[in-house]
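Following: one structure in C-alpha cells, then a few remarks.
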C-alpha cells in the first residue's frame with residue numbers, strides 16, 4: 054500500500070504586491086499581505102510512466118522572447134504557453150497530475166477564504182552583519198572600562214581545547230537573501246476578478262518579490278470536522 058507524501062502539494066506562483074490593512078464589520082484592523090497569483094499556466098505534466106514521478110510544472114509572469122534561451126523556448130512552445138519570469142515544478146499525486154494538461158490554467162479557485170496556506174519567498178538581504186543584528190546578541194557595557202568593545206561578540210570559547218571553531222558557531226556573516234517559508238497564514242480575502250489573495254500577516258521578501266503559495270502542511274484539523 055502506497056501513501057501520499059504530505060509535502061507533495063500543488064500551489065500557485067505569484068508576486069508580493071505589498072501590505073495594507075482591511076477592516077472587519079466590528080471596526081478591527083487586520084494587517085494583510087496582497088499576493089498577485091494571476092495567469093498561472095501549466096508548462097508540463099510529468100507522469101510516473103515517462104518521468105518516474107508525477108508533477109505539474111507551472112509558469113508565472115511575463116518575459117521577453119529575446120530573454121529566453123532556445124531549449125526553454127522549445128519546451129514552452131511544445132506546451133503552447135508564453136515564457137514567464139518563474140518556472141516551478143510541484144510534486145503531486147498521480148491522480149492530481151492527471152487533471153491538468155499543458156497550456157491549462159491553474160486558477161485561484163483552489164484556495165478559499167479561511168484556509169491556511171504556506172507562503173515561500175526570498176528574504177530581504179541585509180548584507181554582512183554583526184552578531185547583534187544577525188543573532189540578537191546582547192551588546193557589552195557602554196562604559197566602565199569597556200574600550201571599543203561595545204558591539205563585538207566577545208570570547209568564542211575556542212582556546213587550546215578544542216583548538217578549533219565548531220561548525221555552526223554564531224558569528225558575524227551574511228544575513229538574509231535566503232529562501233524562507235511562513236507557515237499557517239490565514240486567507241482573509243480573495244479577489245477573483247484581479248486574481249489577488251490577501252493573507253493575514255507578513256510574508257518573506259520585498260515588494261514585487263516572487264512567492265509560492267501552497268496549502269498549509271501543518272494545518273490543524275478542527276474537532277468535529279470531517
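Residue numbers (the numbering used here): 54 to 279.
Beta carbons: idealized from backbone N, C-alpha and C, even for Gly.
Select from 60, 269, 125 and 229 the residue whose C-alpha is nearest the C-alpha of residue 116. As a working mapping, residue 116 is identified with position 63 in the chain shown. Out of 60, 269, 125 and 229, 125 has the C-alpha closest to the C-alpha of residue 116.
Pull up the DSSP beta-bridge partners for residue 174, would you. Translated into positions along the chain shown, residue 174 becomes position 121. DSSP output for residue 174 lists 233 and 264 as bridge partner(s).
Contacts around residue 279, its chain only, beta-carbon distance under 6 Å, and the 5 residues preceding and following it disregarded: Residue 279 sits at position 226 when you count from the first residue of the chain shown. Any reading at residue 279 must be qualified, since the residue scores a pLDDT of 49, below 50, and its modelled position is unreliable; the value itself is stated next. Within its own chain, no residue has a Cβ closer than 6 Å to the Cβ of residue 279 once the five positions on either side in sequence are excluded.
In angstroms with no decimal places, state the Cα-to-Cα distance between residue 250 and residue 219. For this step, residue 250 is matched to residue 197 along the chain shown. For this step, residue 219 is matched to residue 166 along the chain shown. The straight-line gap from Cα to Cα measures roughly 44 Å.
Between the alpha carbons of residue 234 and residue 143, how many angstroms are there, rounded? Numbered from 1 along the chain shown, position 181 holds the residue referred to as residue 234. Numbered from 1 along the chain shown, position 90 holds the residue referred to as residue 143. One C-alpha to the other measures close to 16 Å.
Straight-line Cα distance separating residue 73 from residue 141: As a working note, residue 141 is residue 88 in the chain shown. As a working note, residue 73 is residue 20 in the chain shown. A straight-line Cα-Cα distance of about 28 Å links residue 141 and residue 73.
Only counting the same chain, and skipping five residues up and downstream in sequence, which positions put a Cβ closer than 7 Å to that of residue 183? Position 130 of the chain shown holds residue 183. In its chain, beyond the 5 residues on either side, 204 and 225 have a beta carbon closer than 7 Å to the beta carbon of residue 183.
Here's the rule I'm using: 16 or more other beta-carbon atoms within 10 Å means buried, otherwise exposed. How should residue 93 be labelled? Indexing the chain shown from 1 puts residue 93 at position 40. So residue 93 ends up on the buried side.
From residue 247 to residue 209, what distance separates their C-alpha atoms? The sequence position of residue 247 within the chain shown is 194, counting from 1. The sequence position of residue 209 within the chain shown is 156, counting from 1. Annotation: residue 247 to residue 209 spans about 53 Å, alpha carbon to alpha carbon.
In terms of alpha-carbon separation, which member of 149, 173, 88 and 133 lies closest to residue 58? If you number the chain shown from 1, residue 58 lands on position 5. 149 is the residue among 149, 173, 88 and 133 whose C-alpha sits nearest the C-alpha of residue 58.
Can you tell me the Cα-Cα spacing of residue 54 and residue 64, whole angstroms? Indexing the chain shown from 1 puts residue 54 at position 1. Indexing the chain shown from 1 puts residue 64 at position 11. Summary for residue 54: the model assigns pLDDT 41, below 50, so the residue's position carries little reliability; its value from the coordinates is reported in the next sentence. Distance between the alpha carbons of residue 54 and residue 64: 26 Å.
Look up residue 108 in the DSSP assignment and say whether it is helix, strand or coil. Locating residue 108 in the chain shown gives position 55, counting from the first residue. Residue state, collapsed to three classes: strand.
By DSSP's criteria, residue 158 is part of a beta bridge. Which residues make up the other side? Position 105 of the chain shown, counting from 1, holds the residue named residue 158. Beta-bridge pairing by DSSP links residue 158 to 94.
Please state whether DSSP places residue 149 in a helix, a strand or coil. For this step, residue 149 is matched to residue 96 along the chain shown. Three-state DSSP puts residue 149 in a helix.
Could you give the first and the last residue of the continuous beta strand (DSSP E) run that contains residue 142? As a first step, residue 142 must be located in the chain shown, where it is residue number 89. That run of the beta strand (DSSP E) goes 139-144.
From the DSSP secondary-structure annotation, give me the bridge partner or partners of residue 272. Here residue 272 corresponds to residue number 219 of the chain shown, with the count starting at 1. Partner(s): none; residue 272 has no beta bridge.
If the criterion is Cβ atoms closer than 8 Å, does the pair residue 89 and residue 67 meet it? Translated into the one-based positions of the chain shown, residue 89 becomes position 36. Translated into the one-based positions of the chain shown, residue 67 becomes position 14. Cβ distance < 8 Å, so residue 89 and residue 67 count as in contact.
Report buried or exposed for residue 265, applying the criterion of at least 16 other Cβ atoms within 10 angstroms of its Cβ. In the chain shown, residue 265 corresponds to position 212, counting from 1. Classification of residue 265: buried, given that the 10 Å Cβ count is 16 or more.
Counted within 10 angstroms of its Cβ, other Cβ atoms place residue 75 as buried (16 or more) or exposed: Taking the first residue of the chain shown as position 1, residue 75 is located at position 22. By the neighbour-count rule (16 or more Cβ atoms within 10 Å), residue 75 is not buried but exposed.
Tell whether a beta-carbon distance below 8 Å holds between residue 85 and residue 253. For the purposes of this step, residue 85 is taken as the residue at position 32 of the chain shown. For the purposes of this step, residue 253 is taken as the residue at position 200 of the chain shown. Judged by their CB atoms, residue 85 and residue 253 are nearer to each other than the 8 Å cut-off.
Identify, in the order they occur along the chain, each residue of the same chain with its Cβ nearer than 6 Å to the Cβ of residue 62, setting aside the five sequence neighbours on each side. Along the chain shown, read from residue 1 onward, the residue named residue 62 stands at position 9. These residues qualify, in order along the chain: 267 and 268.
Where does residue 63 sit, in a helix, a strand or coil, going by DSSP? Looking up residue 63 in the chain shown gives position 10. It is coil, neither helix nor strand.
C-alpha gap between residue 229 and residue 178, whole angstroms: As a working note, residue 229 is residue 176 in the chain shown. As a working note, residue 178 is residue 125 in the chain shown. The C-alpha of residue 229 lies about 4 Å from the C-alpha of residue 178.
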